[in-house]
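Colleague: Residue numbers for the sequence shown follow the numbering used here, so the first one is -4 and each next one is one higher.
We put the CB at the ideal spot given by N, CA and C, even for glycine.
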Amino acid sequence: MVNVSLTKEREQIVFGKDSVIIQKHIAGIPGGRSLDVTDVTDEVLHAGHIIITDGNGEYKPLKVVTNEGVKSYDSLPEGYSYAGILYRSILTKKPSAAIMISGVVNDAAVEIPYGAHKAAIKSALPTIMFVKDEVADSTATSTEESESASESASN
């Protein structure tokens, strides 16, 4: 199991797309998890990254491969399953992660396209919905309108 130092050091991750990628966070793994980042070469894991688990307490980001300058996700390793989606960008030297298991992801804005993993994630985590910007805007608007109508009707 991975241990993370909880000593506070002032640092800032400049990646303003977190709220664009994660359109709505409904639920996550309580308390988050420390990630095993031994295979990660980047300094930052960005919101929207696929997180996997071995089912025995080990969580890690799905490996990324680069082919002719284009990043993509590697295949799911044997014995692992999809745990969720990284909720906020984190530094790999402080790999404490909030892992979303239910919510809305704008997959048009993610740093690394989900590719074939998208269908598998939908199957493994059916409460994660993937949308594009314009769909997310209309979904949020219609949800807010229906909630307002419900509140008005109950008053």
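Residue 94: which of 40, 15 and 33 sits nearest, CA to CA?
Modeller: What you label residue 94 is simply residue 99 of the sequence shown in a count that begins at 1. Looking at the Cα atoms, 40 is the closest of the given residues.
Colleague: Restricting to runs no shorter than 4 residues, where is the alpha helix (DSSP H) found entirely within the segment 35 to 72?
Modeller: none
Colleague: Buried or exposed for residue 32, please, with buried defined as at least 16 other CB atoms from any protein chain shown within 10 angstroms of its CB.
Modeller: Translated into positions along the sequence shown, residue 32 becomes position 37. By the 10 Å Cβ count, residue 32 comes out buried.
Colleague: Across the segment 55 to 64 and the segment 15 to 33, are there enough close Cβ pairs to call them in contact, namely three or more that are closer than 8 Å?
Modeller: yes
Colleague: Quick one: what's got a C-beta closer than 7 Å to residue 103's C-beta in the same chain, skipping five residues either side?
Modeller: Here the question's residue 103 lines up with position 108 in the sequence shown. Hits under 7 Å: 127 and 128.
Colleague: Can you tell me whether residue 111 is helix, strand or coil according to DSSP?
Modeller: Here the question's residue 111 lines up with position 116 in the sequence shown. Coil, per DSSP.
Colleague: How would you call residue 105, buried or exposed, if buried means at least 16 neighbouring beta carbons within 10 angstroms?
Modeller: As a position in the sequence shown, residue 105 is number 110, starting the count at 1. With 16 or more other Cβ atoms within 10 Å, it is buried.
Colleague: Answer yes if the segment 63 to 70 comes into contact with the segment 104 to 118, meaning at least three C-beta pairs across the two stretches below 8 Å, and no otherwise.
Modeller: yes
Colleague: For the alpha helix (DSSP H) containing residue 15, list its first residue and its last residue.
Modeller: Position 20 of the sequence shown holds residue 15. From DSSP, the alpha helix (DSSP H) with residue 15 extends over 13 to 16.
Colleague: Just grab the DSSP bridge partners of residue 101 for me.
Modeller: Looking up residue 101 in the sequence shown gives position 106. Paired residue(s): 126.
Colleague: How many angstroms separate the CA atom of residue 43 from the CA atom of residue 35?
Modeller: As a first step, residue 43 must be located in the sequence shown, where it is residue number 48. As a first step, residue 35 must be located in the sequence shown, where it is residue number 40. Each residue's Cα considered, the two are about 15 Å apart.
Colleague: Comparing alpha-carbon positions, which option in 117, 59, 82 and 62 lies nearest residue 91?
Modeller: Position 96 of the sequence shown holds residue 91. Comparing Cα-Cα distances from residue 91 to each of 117, 59, 82 and 62, the minimum goes to 82.
Colleague: What's the C-alpha gap between residue 108 and residue 79?
Modeller: For the purposes of this step, residue 108 is identified with residue 113 of the sequence shown, where counting begins at 1. For the purposes of this step, residue 79 is identified with residue 84 of the sequence shown, where counting begins at 1. So the alpha carbons of these two residues sit roughly 15 Å apart.
Colleague: Tell me whether the beta-carbon of residue 122 lies closer than 8 Å to the beta-carbon of residue 45.
Modeller: Taking the sequence shown and counting its residues from 1, the one referred to as residue 122 is at position 127. Taking the sequence shown and counting its residues from 1, the one referred to as residue 45 is at position 50. Cβ atoms of residue 122 and residue 45: not closer than 8 Å.
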